[in-house]
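Undergrad: So the protein lines, in turn, are chains E and R.
Sequential numbering of the first sequence, starting at 0, is according to numbering that gives the first Met the number 0.
Sequential numbering of the second sequence, starting at 0, is according to numbering that gives the first Met the number 0.
Structure in structure tokens, see below.
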Amino acid sequence: MTEVRALDRDAAPEDLRAVEALFTAMYGHMDGLGLMVPLAPDGAGLWLKALLPMLGKLHTIQVAWATPQPADGPDARPRPVGFAAGSIRVGPAHLGGIRSGAVTHLYVDPAARGAGLGHRLYEALAAWFAERDLRHQELEVLVNNEAARRFWTSLGFVPDHLVMRRMPG
Amino acid sequence: MSLNEVTLRERVRAALAPRLAEMGLTQADVGDGMSLTQSGVLDSFALMELIGGLEQALGVELDFEAIEPERITTVKGLASAFAQALAA
Chain E
0 MTEVRALDRD AAPEDLRAVE ALFTAMYGHM DGLGLMVPLA PDGAGLWLKA
50 LLPMLGKLHT IQVAWATPQP ADGPDARPRP VGFAAGSIRV GPAHLGGIRS
100 GAVTHLYVDP AARGAGLGHR LYEALAAWFA ERDLRHQELE VLVNNEAARR
150 FWTSLGFVPD HLVMRRMPG
Chain R
0 MSLNEVTLRE RVRAALAPRL AEMGLTQADV GDGMSLTQSG VLDSFALMEL
50 IGGLEQALGV ELDFEAIEPE RITTVKGLAS AFAQALAA
């Protein structure tokens, strides 16, 4: 059994660390797909620290929690096996000041894939956006991440901007 | 802290009010020392819009070459930077 629910600002330190580990694993996956700007050494911790003061207000982190199995022991707690993060964004006035729900990250542990957790995590984010009347949604996806591009296309997202970089050296 | 800086914090907060309203936030959600950019309240463009609006309203320009960028991402830091600019 896996339950999807939001991470609280006062979540237990071990739960925060587990989400940070998923965040780092996601960047490891993207590194393998040619990501050009790598995660900083303490990037996951810095990311979470930046979001926590506004978690539930400007940002949400929906987490897939796997229910412990009997073999995990009597004191085992639900374990994060995937997460999706989203933020409220307001565009500049010259572009109409559009309020949008930005899907900033979505990742599922490889061992937990194939059970529709990605869809459930996105649905939880979409519900959070809908509660705030954010009808415009946006996200960025790595150009080489074909699986992710198929996933988002299947959910109705269409390509718009392409981010291009010219690296130093 | 001078009275002027207290007033300037209020001016910064007043300039920030429309943005907070758009995002469904209240003034109480934003502490004086909280980074407006790291927290996601402002992106870099919105920060520049905020500073530009304050510069125009206060009739003074910030010297960006003399200011640490991180310093002007909080209500407190912005008020302090404008207080210095007004005193110069």
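Even glycine gets a Cβ: it sits at the ideal position worked out from N, Cα and C.
Which residues bound the beta strand (DSSP E) around LEU21 (chain E)?
TA: Per DSSP, LEU21 (chain E) belongs to no beta strand (DSSP E); it is in the alpha helix (DSSP H), 12-30.
Undergrad: Short check: CB of ALA84 (chain R) to CB of VAL59 (chain R), under 8 Å?
TA: yes
Undergrad: Can you tell me which of E:ARG98, E:LEU15, E:PHE150 puts its alpha carbon nearest to the alpha carbon of GLY113 (chain E)?
TA: E:PHE150
Undergrad: By DSSP, does LEU105 (chain E) sit in helix, in strand, or in coil?
TA: Residue state, collapsed to three classes: strand.
Undergrad: Rounded to whole angstroms, what's the CA-CA distance from VAL29 (chain R) to GLY100 (chain E)? Just pull it up for me.
TA: 20 Å
Undergrad: For chain R, find out if any of its Cβ atoms is closer than 8 Å to the Cβ of ALA43 (chain E); answer yes or no.
TA: no
Undergrad: For LEU41 (chain R), count neighbouring C-beta atoms within 10 Å of its own C-beta (all shown protein chains included) and say buried if the count is 16 or more, exposed if not.
TA: buried
Undergrad: Please identify, using Cβ separations under 9 Å, the residues of the stretch 2-23 of chain R that lie next to chain E, in order along the chain.
TA: ARG18, GLU21, MET22, GLY23
Undergrad: Quick one: grab the DSSP three-state call for SER99 (chain E).
TA: strand
Undergrad: Give the residues of chain E in contact with PHE81 (chain R), contact being defined as C-beta atoms less than 8 Å apart.
TA: Those do not exist, as PHE81 (chain R) stays about 22 Å from chain E at its closest Cβ, beyond 8 Å.
Undergrad: Report yes or no: is there a C-beta of chain E within less than 8 Å of the C-beta of PRO68 (chain R)?
TA: Not a single C-beta of chain E is nearer than 8 Å to the C-beta of PRO68 (chain R).
Undergrad: For the pair the stretch 68-82 of chain E and the stretch 12-20 of chain E, tell me if three or more CB-CB distances fall below 8 Å.
TA: Judged by Cβ distances under 8 Å, the stretch 68-82 of chain E makes contact with the stretch 12-20 of chain E, as three or more pairs qualify.
Undergrad: Could you give the DSSP three-state label for LEU24 (chain R): helix, strand or coil?
TA: Note: LEU24 (chain R) maps to coil in three-state DSSP.
Undergrad: Quickly, what does DSSP pair SER86 (chain E) with across the bridge? List them, please.
TA: E:HIS58, E:ALA101
Undergrad: Exposed or buried, which one is SER38 (chain R) when buried takes at least 16 other CB atoms within 10 Å?
TA: Classification for SER38 (chain R): buried.
Undergrad: Let me make sure I understand the geometry here. Which of E:ARG8, E:MET35, E:THR23, E:PHE22 has the alpha-carbon closest to that of ARG165 (chain E)?
TA: The shortest C-alpha separation from ARG165 (chain E) is found at E:MET35.
Undergrad: GLU139 (chain E) and VAL107 (chain E) look like a contact to me (Cβ under 8 Å); what is the Cβ gap, rounded to whole Å?
TA: Actually they do not touch by this definition, with Cβ atoms about 18 Å apart.
Undergrad: Quick check on SER153 (chain E): buried or exposed, where buried means 16 or more other Cβ atoms within 10 Å of its Cβ?
TA: exposed
Undergrad: Could you tell me which residues DSSP puts in a beta bridge with GLU137 (chain E)?
TA: E:ALA101
Undergrad: Looking at ARG4 (chain E): is its Cβ nearer than 8 Å to the Cβ of TRP46 (chain E)?
TA: no
Undergrad: So what's GLU69 (chain R) in DSSP terms, helix, strand or just coil?
TA: helix
Undergrad: Measure the CB-CB distance between GLY81 (chain E) and LEU120 (chain E) and report whether it falls below 8 Å.
TA: yes
Undergrad: Mind listing which residues of the stretch 41-67 of chain R have their C-beta closer than 8 Å to chain E's C-betas, in chain order?
TA: The residues in question are ASP42, PHE44, ALA45, GLU48.
Undergrad: Tell me the DSSP secondary structure of GLY52 (chain R) in three-state form.
TA: helix
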